[in-house]
Structure formats: structure tokens, C-alpha cells
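Have a look at the structure below, then the notes.
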Amino acid sequence: MYKIASIGGDGIGPEIVAEGKKVLEAAGEQFGFDIQWTDFDIGADRYIHSGKLITEDELNELSKFRAIYFGAIGDERVKPGILEKGILLALRFHFDMYINLRPIRLLKGIETPLANKTSDDIDFIVVRENTEDFYVGIGSRFRKHEKKELNVIREMYSVRFGLDVESDAEEIAYQIGVVTREGSRRVQTYAFDRAEGRKKKLTSVDKANVLSDVYGLWRDVFTETAKKYPGVTTEFTFVDAITMWFVKNPEWFDVVVTPNMFGDIITDLGAMIQGGLGLAPGGNINPKGTSMFEPIHGSAPKYRNMQVANPIATIWAGSLLLDHIGEHEAAAAVVSAIERSIQDGIVTKDLGGTARTMDAGSYIAELVKKGT
Ligand code: IPM
Ligand code: MG
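The opening position of the sequence shown corresponds to residue 1 in this note's numbering, with each subsequent residue numbered one higher.
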């Protein structure tokens, strides 16, 4: 019996998580395990009515689970950043889910916008650092006459713009990226381990040519870590260049390890080359604690309760969850069933089909039960 927490969240979140649960339960029937779900009512509605984002009690409660199945967060009634930081990032940081695992794989039957590329060419994983970098939330906005300790910024401002640094008419904002040796080591080690189990190639992403402190450290740690994995071929790419290679030569990649913010950006590009955001799953992993599995897309509030959202990204995230808890066969069966459903054309509108969210989910669940 697996005890799993679930947070549907906002917009289409509850609908797609419902389909994911259906499929995971089907996998349990087929592979001989039970899942007991505990649902948490966390999201925009509650925030609007009670001002609560996520409470200490909830965090304590969630810490008892090895896995959380998460839908999406985000609502047009709430200013951007509040729910994202107060719920999603709060969970990632609180539980130190330092690995964000994002497979970029073109399933059979899906068309990629890249000309002449097939499923054989697009099959890699991105390992995104998930707790550091520009996501640590250190920064502020201030009038120049405040915060005298930030003289570097003040001087740059006055030299570059010829403005009076004491004037309060101008405003400055800054935000700091933090990279640590240990934070880099642990996520890179995970990526090396994954590469060893795959095609033994690991690409590191950075921008060490400009942001040479934070990513200089990232690079140094990578070089050191690589020494422990002589069987893995390694390379460095700058983030701007990798966006080009993702489009031109996706077949070069096996495992890609990246600092947090670049990982956020390049995985949306990855989602597009694998056929769209409706297909891209992610796992926020703490190997020794609570992990969380979610589609990488957002909550699409305008489609809420319309049964039009594609549940595949969430169902696939469910497969990552199964893999994480050790149900490897069941995990693989879920992805095969997703692929089959695509080939059978039982898909939502975004993939050219006519199935509702629940039809697409039920179809995949049936395939899993049939052992297809
Ligand atoms: C993602 C999202 C989040 C992120 C946002 C919603 C905070 O874009 O999971 O990629 O930036 O990590
Ligand atoms: Mg993102």
C-alpha cells in the first residue's frame, strides 16, 4: 500500500490529476499494489477566501508522504508570483527537492515541429537544479538614496546614466543568484548516475562566460565530479547555445544538467520539441525525502472545468512517480499506454483529437489494465 498525497490546485489542475489517479490506480490493479490518496485543498480559491497559501500544519502532514501528486497552480485573480512562490516553490524548497527531472522524449505518434526529426532523435532527460540560483528569493527594489551599502549598483547607475545617485526619482531592483558547492555537487552527481544508466553522455549548461562567479563554481564542481565517472562523456554548453542545439541537433543529447533558471527556460523549449506542453512531465525529487510529480505546464484557468485539457503530461508525471517509488514495470506500462492511446487517436483537441480530458484518461487507464 502506497500512501500518496495529492494537490489538484488551480485551473485545470484538479481535472488532470483526477485522470492521473485513474491511471495510477489501474496500474496498481495490473501490477498488484494499492494506492491510498490523501487530498489537500491548497490553491487560489482557498487563498482568496482565507489568505492561506500553505500552512505549517500542511507541511508537517505532507512530510509523512514519500510522494505528492501535483496538478497546477496559478489564477488570474491573484497577482503573479504569490501562488507560484507561496505554494509551488515553497514545496520544492521546504522539502529540499533539489532535482527537477524533466524527460524530453518524442512519443510515437506525436509530431515535432522540428523538420526531419523522429522519436529516435528526441529522447533525453534534463536534470534541473531546483533549490538555488536566481530562485532563492534574495533581492529587492529600492530608491537609490536608500540602501547605501549597495554602492556598486549606485555607482554603475550614476556613471552609466549620468544621474544623480542621491536623487530619489529613480528606482533600482536587483536579485541575486546563489550557487553552492554542495548544491551543485548533489544534483550533478544525480545527473552523472542517470547518464551511467543511459547513453553515458552528460551535457552541463551554464553561462560561465558572463556570470562567472555563480557558474564558474558550477563548472568547477562539474569538472571535479566528472573525475568520478570516467565512463561518462561530458561537455559544457552555454545556455544560449543549447537553445540552438535543442532545435538543430536534439539527437546529440542524453542527459543535460542545468542550474535552476536556465533549466526552467530550456525545458519549455524541450516541451515544444516533444510535441507541446500538454505532453511534458516533471518530477521534483528529494531522494531521501518527500518528492513531488507534476506536469510542467501551468493551470490554464480559462479551460477550467471544460474537460479539454490534455491529461498526458500529468499521467506521465504519474509514471515518474511510480518509478520513484520503485514500481518500474508499472511506470513503463503507463508510458506505453500513453503512446498507444496516441496511436489510436484517443486524444484531446490539442493533439488533433476529439476526446475529453476524462475520455483520454479513461482510455489510457483501460490500456494499462489490459496490459497493452
Ligand atoms: C516550472 C514553472 C515554475 C518555475 C514557476 C511556476 C514558479 O515555470 O515549473 O517550470 O519557474 O519553476
Ligand atoms: Mg517553467
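C-beta atoms are modelled at their ideal positions from N, C-alpha and C, and glycine is treated no differently. No experiment lies behind these values; they were computed from the predicted model shown.
Of all the options the options, which has the alpha carbon lying nearest to the alpha carbon of residue i?
| i | options | result |
| --- | --- | --- |
| residue 195 | 230, 170, 11 and 211 | 230 |
| residue 40 | 65, 67 and 5 | 5 |
| residue 245 | 180, 269, 309 and 282 | 269 |
| residue 179 | 171, 160 and 188 | 188 |
| residue 47 | 68, 25 and 75 | 75 |
| residue 191 | 212, 87 and 253 | 253 |
| residue 107 | 304, 299, 280 and 353 | 280 |
| residue 295 | 88, 95, 232 and 238 | 88 |
| residue 118 | 109, 133 and 126 | 109 |
| residue 77 | 134, 185 and 302 | 302 |
| residue 345 | 331, 361 and 271 | 361 |
| residue 139 | 171, 12 and 175 | 175 |
| residue 258 | 128, 63 and 50 | 128 |
| residue 56 | 49, 79, 82 and 86 | 86 |
| residue 83 | 63, 208 and 10 | 10 |
| residue 100 | 186, 219 and 13 | 186 |
| residue 204 | 240, 20, 171 and 177 | 240 |
| residue 113 | 250, 198, 355 and 153 | 250 |
| residue 348 | 19, 263 and 357 | 357 |
| residue 79 | 58, 50, 62 and 44 | 44 |
| residue 58 | 156, 278, 341 and 95 | 95 |
| residue 171 | 150, 339 and 177 | 150 |
| residue 199 | 209, 224 and 232 | 232 |
| residue 384 | 81, 146 and 363 | The shown model of the chain, from 1 to 372, leaves out residue 384, and the question about it has no answer. |
Kindly indicate the opening and closing residues of the alpha helix (DSSP H) around residue i.
| i | result |
| --- | --- |
| residue 292 | Here residue 292 belongs to no alpha helix (DSSP H); instead the beta strand (DSSP E) covers 291–295. |
| residue 220 | 214–226 |
| residue 16 | 13–31 |
| residue 111 | Per DSSP, residue 111 belongs to no alpha helix (DSSP H) and is neither H nor E. |
| residue 187 | 181–196 |
| residue 48 | 44–50 |
| residue 65 | Note, residue 65: premise wrong, no alpha helix (DSSP H); not H, not E. |
| residue 77 | No alpha helix (DSSP H) contains residue 77, which DSSP labels as neither H nor E. |
| residue 93 | 90–94 |
Anyone know if the C-beta pair for residue i and residue j falls short of 8 Å?
| i | j | result |
| --- | --- | --- |
| residue 285 | residue 328 | no |
| residue 7 | residue 70 | yes |
| residue 273 | residue 243 | no |
| residue 389 | residue 68 | Residue coverage of the chain in this structure runs from 1 to 372, which leaves residue 389 outside it and unanswerable. |
| residue 54 | residue 42 | yes |
| residue 93 | residue 330 | no |
| residue 312 | residue 334 | no |
| residue 255 | residue 202 | yes |
| residue 133 | residue 261 | yes |
| residue 237 | residue 226 | no |
| residue 123 | residue 105 | yes |
| residue 97 | residue 60 | no |
| residue 353 | residue 24 | no |
| residue 309 | residue 16 | yes |
| residue 181 | residue 221 | yes |
| residue 228 | residue 215 | no |
| residue 37 | residue 22 | no |
| residue 126 | residue 141 | no |
| residue 18 | residue 322 | no |
| residue 350 | residue 276 | yes |
| residue 184 | residue 217 | yes |
| residue 372 | residue 332 | no |
| residue 299 | residue 13 | yes |
| residue 283 | residue 297 | no |
What is the residue span of the beta strand (DSSP E) that residue i lies within?
| i | result |
| --- | --- |
| residue 102 | 99–105 |
| residue 203 | 201–206 |
| residue 171 | 171–178 |
| residue 39 | 35–39 |
| residue 8 | 2–9 |
### Task
Could I get the ranges of all uninterrupted alpha helix (DSSP H) runs contained in the region 115–164, with 4 residues as the minimum, in chain order?
151–161
### Query
Which residues, in chain order, sit with a beta-carbon under 5 Å away from any heavy atom of the ligand IPM?
84 and 264
### Task
Taking only runs that begin and end inside the region 229–313, name each unbroken beta strand (DSSP E) of 3 or more residues, in chain order.
233–238, 255–258, 281–285 and 291–295
#### Entry: Uninterrupted alpha helix (DSSP H) stretches inside the region 319–365 (no shorter than 4 residues)
328–343
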